[in-house]
Every structure is written in C-alpha cells, then in structure tokens.
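Have a look at the structure below, then the notes.
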Amino acid sequence: MPAPIIKVDAISKSFGAFKVLDGLSMQVMPGEKLALIGPSGSGKTTILRILMTLEKIDGGHIQIDGEQLYHMERNGQLLAADERHLAKMRQKIGMVFQLFNLFPHKCVMDNVTLAPMLTKGVARAAAEKRAMELLEMVGMADKAKAMPAQLSGGQKQRVAIARALALSPKIMLFDEVTSALDPELVEEVLNVMRKLAAETDMTMLLVTHEMGFAHDFADRVLFFDRGRIVEEGKPDEIFRHPKQERTQGFLKKIIAAGHRV
Amino acid sequence: MPAPIIKVDAISKSFGAFKVLDGLSMQVMPGEKLALIGPSGSGKTTILRILMTLEKIDGGHIQIDGEQLYHMERNGQLLAADERHLAKMRQKIGMVFQLFNLFPHKCVMDNVTLAPMLTKGVARAAAEKRAMELLEMVGMADKAKAMPAQLSGGQKQRVAIARALALSPKIMLFDEVTSALDPELVEEVLNVMRKLAAETDMTMLLVTHEMGFAHDFADRVLFFDRGRIVEEGKPDEIFRHPKQERTQGFLKKIIAAGHRV
Amino acid sequence: MTQWSGYLGLILQGALVTIELTLMGSVLALIMAFLAGMGRLSRYFVLRALATAYIEFFRGTSIFVQLFWVYFVLPLAGISLTPLQAGVLALGLNVGAYAAEVVRGAIQSVGREQYEACIALNLGRWQGMRHVILPQALLVMLPTFGNNAIELLKATSVVSLISLADLTFQAQVVRSQTGNTLMPFTTILIIYFVLALIISWGVRSLERRMARGLDGVRV
Amino acid sequence: DDSKLEQLKAQGFARVAIANEPPYTAVAADGKVSGAAPDVAREIFKRLGVGDIVASISEYGAMIPGLQAGRFDVVTAGLFMKPERCAAVAYSEPVLCDAEAMLVKKGNPKGFKSYEDVAKDSSATIGAPGGGTEEKLALNAGVPRDRVIVVPDGQSGLKMLQDGRIDAYSLPVLSINDLVKKANDPNLEVIAPVQGAPVYCDGAAFKKGDEALRDAYDVELAKLKKSGEFAKIIEPYGFSAAAAMSTTRDKLCAAK
Amino acid sequence: MDWDWNFVWEIMPTLIQGVKITILATLLGSVLAAIVGLAIALARRSPNRAVSRSVGFLAEFIRGTPLLVQLYFIFYVLPDFGILLPPLVAGVIGLGLHYGTYTAEVYRAGIDNVPRGQWEAAKACNLSAGQTWSHIIIPQAIPPMIPALANYFIAMFKETPLLSAITVLELMNQAKSVANTYYRYIEPMTLVGAFFLVISLFSVVLLRWLEHRYGKIER
Ligand SMILES: Nc1ncnc2c1ncn2[C@@H]1O[C@H](COP(=O)(O)OP(=O)(O)OP(=O)(O)O)[C@@H](O)[C@H]1O
Ligand SMILES: Nc1ncnc2c1ncn2[C@@H]1O[C@H](COP(=O)(O)OP(=O)(O)OP(=O)(O)O)[C@@H](O)[C@H]1O
Ligand SMILES: [Mg+2]
Ligand SMILES: [Mg+2]
C-alpha cells in the first residue's frame, strides 16, 4: 500500500474563542477523490484553506507528500515553516474557490499564464501553449482573449479550474465550486470536473452541497460536524445507510429542502 | 365562475433597448396559488415588481380586483394613475423580497407594526396585538424585541412575511424568498408558506427555483421564457409531461444540476 | 480698463507659477503617497511606524504651518530652499500624506480573495502586489487622486503668503497697483475653476482608458 | 570679507525684498519692478558690479525673518530704521525718509491728530501693516491689540476704511498720498504728519554678518548722494533727498 | 537654531487668545457647513432641472476654487454690493460655504447608500413619500454620515489660518504678529504646529470612536 499523500494529524484551529477544528486527523491516498460534506460552519472550508496555507493552524501536524507543511526540519529540529518552505510546498497544491477569484484586470489567457511565468519562469510561448490545452479541456479555448467580466459564472469557474491546473499541482482543492452559480450553469462546471476526475490521477478534495454529484464523483465521503469527522465511507454507505444520527438528520434536511424535483 | 382578481392584458416593459416583457397577458382567480418558473432573466421578477408598482409599464393594462392599476377612470377617460390612486391599489397587494429588506434600524415588532400604524392609523396596542398573532404564526413571537441583524436568514424571511401580512393584502407576491438562505434554513420558511397556503384564501404568486416546493404548493404553474408565458398548467402536467421543448430543456438542466439526492 | 488689460499678463504669469506648483507638487505627492501608503502595509514595524508618523504629522499640522516652517525655520537649520522649492515641498508632502491613505485604502479594498488567489497560485508577495493587487487598486485610487490634485491646486493659493508669485499673489499685486478689487479676483476665480475642470476631465478620461473591460474591478 | 559681494557678482544679480506699496515700490503692468527703493538699489548694485536685482514682494512682517533665513540678500522696502531693527539687521545709511500719515474719512469725524487720540477713543480702530512701523507706533501709544487691525496691504487698508471697517489707516505720508490719488475718492482725508510720530528713514537692510557688503553699499550710496543723481532718482517719487542726507544711521539707530 | 523657553512662556497668553478665535470659527463654520450642505444636497435632488443644475454648478465652482480667494472676495468685493461683514462673520461664511459643498456630498452618499430594497420595502408597505423619508431613509442615512462629517470639520479646523488673510485675529495671525514684533519665527510657528498636531491626534481618536459607534449599520 502506497504512503498517503496528505496526512493530517490532530490539528486544531480557533478563530478567537471559537474552536473550528478540534483535533482533526485524516489521510488521503494519492489519486483519491474525496468529498467533504456537512452542515454549514462545520469546518469544511477551513480544512481546505489550511491545506492551501491560507490559514495557520494552532496545533498538530500536516504532511504533504511525505514532507511537513507547516514545519521544517533543520538539524534534526522541527521549526515553524518560513515563507520559502511554504512556497515550495504550495507547488504541490492548487485550489479553486467558490467565487472563482479570477484576476479581473487580466484576460482569460493571462489569468492562466501569469503564475507559471512568474513562479516557474516558463517562457511566454510555452505557457500560452499549455494554457491553450487547458482551456481546450475546460471548453474555454474560444474565450482566451475575453475579460472575466464578459463571462458567465460557469465560464469563470471553468477558467479558474484551468488556472489552478496550469501549475500542475498533485493535489487539487475545490470549495463549493458550483454554489455561486445559477442552477442552469452548474452542469457545465460539473462536467469539467467529471472529465478531470476520469482523465487524471490527481488527488482531489471537494467540498460540496451537491449530494448527487458528490455521490458520483467521490471514492470516499467524509461527513464533518463541528470541526470533527463524524462519519466516513464509500458514497453509497454514507448516502444510503448513514450510521450516525447527525448524518441522517443532515441528509434528511437537505432532501426535505427540496433538492429534488 | 367568479371574476379574476388579477387581469394582465398585453403589457410590455423594456429596460433601455432590452424588451423584458413582450405583450404578456395572464389572469389569476381569487385564492389561486400560482408558481412562476423559468430561466434566469425571463421576466418573472419583473412581472411581480410591476404588480407591486415598483416598475412602470410601457404599454398594456392591469386590473386588480376589477380596478385599473396603472390607470384611473375620470369622467369616462382613462388617465395615468396618480400617487393617490397607486397608494389605494397597493393596499390590496403585499410582497416578500428575496433579500428580506427588513428595516435594520427597527426591531422585529416595529417592522411589523410600522405600516399598519402609519398607513391605516391603527392604534399601537391593536397593531401590536395583531403583530403578535402574525409572529406567532411564523414562529417568531419570542424574537419580537430582537433587531434584524441578530436573526438568521430564515428568521428574517419569516419576519418579512409577517410584515407583509400585517397589511392584510388580498394578494401576496413572493420573489425567490428562499434562494438567499443557507440550505438548512430553507425548510423553515417553506413550512410557513405551506401553512399560509393551507390556512388562508389569499391569492398568492410565487417565483421560485425550488421545483419540489412549486409542485406541492401551486394550483397552477406558469413557465416563463423571454418575457412570455410559454406553457402553463397543473403542476403534474408541467413537471411530468411538459409539452414545449423549452420547458423540457429547462427542467432537464435543473434536474441534471443535481437538485435531487 | 486699458491698464487692467495690461495687468492681465501679470496674472497669466501667476497662472504659470500655479500650474508649475501644481504639477511638481503632484509628482512629489504621488511619490510620497506610494512610499507611505505601501509603507503602512509593510510587514516591518519600522517602515510602518515611519509611514504612520509621516502621515499623521502632515495631515495633523495645518498646511500653513508646514509652509511657514519650510520657508522660515528650515533655513535656520541650514536648509535653504527657493520659494518655489519650499512651496513644492510643503504642498507635495502635505497632499502626499492624504494620498497615502488613498493608496492604502485602495490596496486594502482589493478583496481578500485576490490575495488568496495569489497564494494559491504561489505568487510571491511582491509578484502578487505588482501584477495583481496594484493594477486593480490603481483604478480605485484614480478618482480620489483627481480630487487630491484639485485640493493641491487650491492649496497653491496659500503660497502667496510666502511671497511666491502665484495666481493669488499676482491678483494682490494687480489690486494694489490698479486699485481695482473685483476684476483681479474674479479673473483668478475663473482661472482656478478652469484648471480644476481640466484636472477632473483629465482624470476621468484616464480612468475611462484604464477601466476598459474591467467591469468587475470597481467595488 | 568681500565674499558675499563676490558671490553676488558671480551670480549677476542681488535678491531684494520689496513691499507691495507705491511709491516705495511699484510694479508696472509688464511686471517690471520700479519705485524709489528698488531704483536706488538697482543703481548702486550696478556700480558695485552686480548687474541686476531680482525683487520679490513680501509682507513687512516677513522681511526680517526672510533676510535672516537667507531668502533675500537685502531689503529695500521702506523698512524704517529703529533701534530694535538695527539690532536685528545691518542697515546702510538712510535712503528714503518720510513722516507718518493717517487716512480718515472726510472731515476727520473722530478728530484724530495722533496715535494717542486713537488710543483714547475706546471705539476707534486703526489699520496698519503687520510688523510695520505704524503698528508699533499705535501699540506703543496705548491702542490695545484688538483695535490695531493688521492689514495685509495698502489697497486692503483703503478698502477697509472706505467700507467703515476701520476708522483710520496709517502708512507713511507718500504711500497714503499715492493710495488716495489712485482711489480718487472725495470722501477721504489725509492727516499728515501724525503728531508726535517721528520722521523715519529707511535704509537698505542686510543680514547681520554681511557688514562688508553693507559698507561697500554705503560707499556707492554716498557717491550717489554727492553727485546729485540720488535726488534725480527719488524726487520724482515725491521723496526728499535733503531729508535723507541730513541724518545718519547712527542717529536713527540710537533714537529712543 | 536656538529655542527660547522664556520667549515661549511670554507669548503663550497671546497665542491662547488666538486659539479661542480659531475654535470659535471652526464651531460656527461647522454648523453653517452642516446646514448649507443639506440645502445643497436637497436642491440637487430637486425635480426642477433649473434648480438642481444651477445649484450643482455653483457647488462645483465653490469646490473647485481656493478658499483663500473666496475669503478675499467675500471680504473685499462684497462691500461694493452693499454687503459689509465683520471679519469673523465673513470668515465663518467662507468656511461654511466652502465646506458645505463637501458635506453636501456626504449627505448625498449617505442617502444613496440606503439600499434600494429599503425604498421598495417602504413602497410595498404602502408608506407615503414623507413617511418613507422620516421613518426609513433618514434614520438609516444619518449615522454612517457622522464620521465623514466630523472628518470635514477637522479639515476645516486646519484651514482656519486662512482667516488671517482677512484680518481675523486667530491663532496663525497672533503668531505672525508675535513673530513680527520680536523677529522670531521658530517658537510661534512651532507652537502653532504643535497645537494643530495635538488637536489632530486627539481628533483621530475621536474619529475612530465615531466610526466604531456610527460607521456601520447592521443589517
Ligand atoms: N476568518 C474567520 N474568523 C472568524 N470565524 C471564522 C473565520 N473563518 C471561518 N470562521 C468560522 O468558522 C466556522 C467554520 O467555518 P467554515 O467556513 O470552515 O465552515 P464550512 O463547513 O465551510 O461551512 P459552509 O458550508 O457554510 O461553507 C464557522 O462558524 C465560521 O463562522
Ligand atoms: N433595472 C433594470 N435595468 C436593466 N435591466 C433590468 C433591470 N431589471 C431587470 N433587468 C433585466 O431584465 C431581465 C429580466 O429580469 P428579471 O429579474 O425579471 O428576471 P427573472 O426571471 O426574475 O430572473 P432570475 O431568475 O435570475 O431572478 C433580465 O435580463 C435583467 O437583466
Ligand atoms: Mg465553506
Ligand atoms: Mg428574479
């Protein structure tokens, strides 16, 4: 059995007096597709943001690909990571945000090529060639020269996915990437993600409220509640036969809320 | 057969060069519960706002309860309605907004009593008694003294419903009243609306993307597309056996977008 | 009346001085604004403290006091400036302090999500600032910069108090020499207003050029 | 040492401070500076080998600080010699002499003859240039601070008197005469000289430490006075050359 | 550059006289600016095009030209038209008019910032125009304006030295008069600067508090 690519070990995180993550541990295997579900405020976004180093942790350890994320070993001692170590680690991880976070002053092409050119010193021609392939994959090649403001939400999100892929990360994080979209536009983004899941062996972590998609997409589902993983298992187990009361209650509410026709 | 309470006759409405409503006609019977569905931008919100006199119409006629809404008859002539006529007509209509639009500087109780006291001269004691009944009905009686900022989205929306009911309108308009809410909070608002539909004989027009709820709630469903009513009928007909291609396409997309577990 | 038309030349000379002051003062203000505005957001305490002290000092003490200080007190410490230099220095430093807050505010107004996108794309701090944050912040700053420039234009009138022959000063001279009060003051009011209009027109067209295709940037 | 003079020669001009007060100074429609004080200075500097003067107009109050701050090389502005000023700057020999005058409304309704009369009338206000001789004379005569209105320039003083904001406006006689001539207003009256106020003379004022330059200036000034050219320059403006030649710096600086 | 403490104590009482006038002018100017601003803001919303346009142009003109020149105008030119104002009154009117054009913008922004949904909710509640203004719009518009208004009043305070140009014996004028009497600029000018700095730093604290207290309305 290969070593896990992500190893989260008893991390905790508070905002002020409020404990968001409470001794959370989990492991993710290379290539695994994970869905994180759970009620609002349960800490799903927070764990992704911690993996992306957008938040600091208060305690615990995280290993990515065998290396410490927030610590570095120097002369046998574990020190807090400095900016250089973090930058190195970040190369392995990409993230797609709920609100796309495209750079509004740059065209689609520049959004995708900016990071490879600046952080990896890729030449413009090479960066644009690769960007074109990625835009092709997400079906946005014909909009390469468009500005973000001219795109629909679904198109923006597809560009954001291409942008994250341009750095060829080993791990991709998706935080509710469809929940800000008009219902009619959701499908085009989910299609891209299905394709991505099928065609690459990237490790993917997905936070979502789209239970149907989570079911089809994930190898494994984690159910979060109050900063802990309450239940985990294969999608069928979790969605059809949840064991925990909290999980059952959550799924019932979601269903009752009319998420079916 | 009784006379229709709303009679919309060939109205049109443009924003600049863009024609939003194009010769739209429809009739609503007293007590009828109507669901308006259709793709984004098809004019659903616009027709509700026109009925609430928040937008002017460019052409056509509307009768409410047998009286012209945007026109008044004087000496046998049809004149444009003045503010007094509009104020009189507005007494028959109440509206609940997507973003609640509670008055943030007034407590829950004052939000509900303000309009009856100011527009109908109801005494404070009487207004508060009635407000308490309404808050009871929407399950917000214990929050009467709270400020809107202290409420969750679902609670705000329930107060907004009570506020609209306080003027005892004959017609209630609901514009996507749950779409700004967290999924878990949707149900509490829908429950209030079910109760309302069951207990009163108010005429209700509802714009929604919650197809499940529209199905249970409505006596009749109107499918809008590009400012016209493309198809209408009983919920079962529309949702199970849509005749028009546009309707079929729309429902298919909505279903594909994962709105079921 | 004929005499008055002769003095118009004097007023136009003053207008030149006013324009010169406004331009040079604006350049200095712009430099100070970016130095201090970004200094306030620095990770280093010393830079933050320096920038804050500069901003609070120059916004706190009145422009008049600064002008008189630069003009009369600095030379006693061995730093002697021509009236023009003194005027540019005082005006530039003063307006620069106000504009620094504009720079800071604009940089902060760029949403946190843009910084996060930079981190997620592994851009360095300066790379993110240079390619992502500043280009967006610039557009937010521009209109306020326009207002700052007009404030600076108006503030140039106080240099007449340190004998710099600007528009207001020349109006005073013309008034003394001709005994006519209404004409010179009305004339310069109109000239100031026209100059202000030119500034706001210029800033607006610059803004339009920069904003092309950027509907999403402005908050 | 002569270094200051050499320096002025090298740069080819001297920076002089003047007031905005005809006939001591005048600015023509083309912006050219003339008037009695600058004309004398220009001539003397020319003889000293300094080609031209560059004049900047200043308030009286700002002249001495400006000189000390090195803003000008010399003040030629009708800045009258008085003991305190002699202590602050290095004066040349006298150049322009004038008595003090007051401008009042026609008929002198308040009956002023001296600054003391202004002090006695508790409702009377008097205007004077800030930092000028007249302000100090009025204060010394016992006019309280809040009744001595600091007026930025002659035209403003005239206007304030016409508008009834002040009851008297005090300047040297010739300055007042010039104002009245320009104003051409029959409702004004000049009281000259003011009783009890001495006749003052100005000189070119140099920075303390520039005495060498001042001495060189004095030499040329004396020659000018002797040759009669001095009178030719200042008398068209209404000043008396004889008055300037009948007194000396030492006398004026010692006066109490 | 030598500093003389004895001299400082000697001139202190004179300067404090000036401080009183400075504060008085600021207070009166602020009241006037608050009223003028409201009048301008309402006039600019007037449905009568002629009124809103001409008031708008006038406000732009006043805002685009220097206060100093406006003061000269009020003080020296208006008497020609039979309007003779005492110096302090002229100064307060100048400050009030000039800053009124700024506060007008604050009022406008405050009113515009009340979300459209509030107007619509008021209509759906069938409130009349008067009721909407008095019960819904004004109560929400005023609190967020308070810090911005305070900001302009502090700015006005720092511009009061301009009144010295029209013979108001405020702080700056007293300091100049002291300087002219003793031929010493360092102490009076520095004291004036220190005075403004102290008041400004104090007002920064006040502003933070106002912003905290009134800056945001919770929705
Ligand atoms: N920067 C912050 N400061 C304070 N509290 C925060 C911050 N970020 C998150 N929180 C709080 O932490 C808790 C967990 O937040 P998180 O965003 O991880 O939840 P989530 O599971 O993603 O919820 P959702 O489904 O609503 O996105 C929430 O209660 C949230 O209010
Ligand atoms: N004030 C306005 N100015 C210009 N265009 C407007 C305005 N209000 C609405 N529109 C346009 O009119 C069209 C119809 O809008 P409307 O809000 O009625 O659609 P809708 O059916 O409610 O859509 P959604 O489901 O997204 O709410 C849209 O294209 C919208 O952009
Ligand atoms: Mg989240
Ligand atoms: Mg809508």
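Protein chains in written order, with the numbering used here: chain A, 1 to 261; chain B, 1001 to 1261; chain C, 2001 to 2219; chain D, 3001 to 3256; chain E, 4001 to 4219. Each residue gets a CB set at the ideal place from its N, CA and C atoms; glycine is no exception. Please read all numbers here as calculations on a predicted model, not as lab measurements.
Inset, instruction - Give, in chain order, every residue of the stretch 4131 to 4153 of chain E whose Cβ lies closer than 9 Å to some Cβ of chain B. - result: 4131, 4135, 4136, 4139, 4140, 4143
Legend entry - Spatial distance of residue 4 of chain A from residue 77 of chain A (CA atoms): 23 Å
Legend entry - residue 4007 of chain E at chain C interface by Cβ criterion, 7 Å: no
Legend entry - Neighbour flag for residue 4158 of chain E against chain C, beta carbons, 7 Å: yes
Legend entry - residue 2045 of chain C burial status per 10 Å Cβ neighbour count (16 or more: buried): exposed
Inset, instruction - Give a yes or no on whether 7 Å exceeds the smallest Cβ distance from residue 4176 of chain E to chain D. - result: yes
Legend entry - Interface flag, residue 1168 of chain B vs chain A, CB-CB below 7 Å: no
Legend entry - Beta carbon shell of ligand 2 at less than 5 Å from a heavy atom: B/1015, B/1020, B/1040, B/1041, B/1042, B/1043, B/1044, B/1045, B/1046
Legend entry - Whole-Å CB distance - residue 1102 of chain B paired with residue 1143 of chain B, under 8 Å assumed: So it is not a contact: roughly 12 Å between Cβ atoms.
Inset, instruction - Kindly say whether residue 3191 of chain D, judged by its beta-carbon, lies nearer than 7 Å to any beta-carbon of chain C. - result: no
Legend entry - 7 Å Cβ cutoff met for residue 92 of chain A and residue 65 of chain A: yes
Legend entry - 8 Å CB neighbourhood of residue 167 of chain A in its chain, flanking five on each side removed: 91, 94, 115, 116, 119, 120
Legend entry - Straight-line Cα distance separating residue 3177 of chain D from residue 3194 of chain D: 14 Å
Inset, instruction - Measure from the C-beta of residue 1174 of chain B to each C-beta in chain E and report whether the shortest distance is under 7 Å. - result: no
Legend entry - residue 1203 of chain B: first and last residue of the uninterrupted alpha helix (DSSP H) it sits in: No alpha helix (DSSP H) holds residue 1203 of chain B; the beta strand (DSSP E) holding it covers 1203 to 1207.
Inset, instruction - Measure how close the beta-carbons of residue 4168 of chain E and residue 4088 of chain E come, nearest whole angstrom, since I'm counting them as under 8 Å. - result: 5 Å
Inset, instruction - Indicate, with yes or no, if ligand 6 has a heavy atom lying under 6 Å from the CB of residue 3255 of chain D. - result: In the structure on display, ligand 6 does not appear, and the ligands it does have are ligand 1, ligand 2, ligand 3 and ligand 4.
Inset, instruction - For residue 2061 of chain C, count neighbouring Cβ atoms within 10 angstroms of its own Cβ and tell me buried if that reaches 16, exposed if not. - result: buried
Inset, instruction - Look at the alpha carbon of residue 3005 of chain D and the alpha carbon of residue 3217 of chain D, and state the distance between them as a whole number of angstroms. - result: 10 Å
Inset, instruction - Compare the C-alpha of residue 2183 of chain C against each of E/4063, E/4076, E/4068, E/4212 and name the closest. - result: E/4076
Inset, instruction - Name, in chain order, the residues that DSSP records as bridge partners for residue 9 of chain A. - result: A/61
Legend entry - Local Cβ density within 10 Å of residue 2194 of chain C, reported as buried at 16 or more and exposed below that: exposed
Inset, instruction - Name the two residues that bound the continuous alpha helix (DSSP H) containing residue 3215 of chain D. - result: 3211 to 3227
Inset, instruction - Any chance you could list the alpha helix (DSSP H) runs of at least 4 consecutive residues sitting entirely within the stretch 87 to 121 of chain A, in chain order? - result: 108 to 120
Legend entry - residue 3086 of chain D, DSSP secondary structure in three states: helix
Legend entry - Through-space distance from residue 4059 of chain E to residue 4098 of chain E, alpha-carbon basis: 8 Å
Legend entry - residue 216 of chain A (DSSP reduced to helix, strand or coil): helix
Legend entry - Residues of its chain near residue 3197 of chain D, where Cβ-Cβ distance is below 6 Å and the 5 sequence neighbours each way are ignored: 3100, 3137
Inset, instruction - Can you say whether residue 4003 of chain E is buried or exposed, counting buried as having 16 or more other CB atoms within 10 angstroms of its CB? - result: exposed
Inset, instruction - Starting from the Cα of residue 173 of chain A, find the closest Cα among A/29, A/23, A/51, A/39 and give me that residue. - result: A/51
Inset, instruction - For residue 3151 of chain D, return the contacting residues in chain E, with the cut-off set at a CB-CB distance below 8 Å. - result: 4167
Legend entry - Cα-Cα separation between residue 4116 of chain E and residue 1181 of chain B, rounded to whole angstroms: 20 Å
Inset, instruction - With a threshold of 16 other CB atoms inside 10 Å of the CB of residue 209 of chain A, please say whether the residue is buried or exposed. - result: buried
Inset, instruction - Return the residue from the list C/2175, C/2064, C/2083 that minimises the CA-CA distance to residue 3070 of chain D. - result: C/2083
Inset, instruction - Can you check DSSP and say which residues form a bridge with residue 172 of chain A? - result: A/94, A/204
Legend entry - Stretch-stretch touch, CB-based, cutoff 8 Å, three pairs: the stretch 2155 to 2170 of chain C with the stretch 2107 to 2117 of chain C: no
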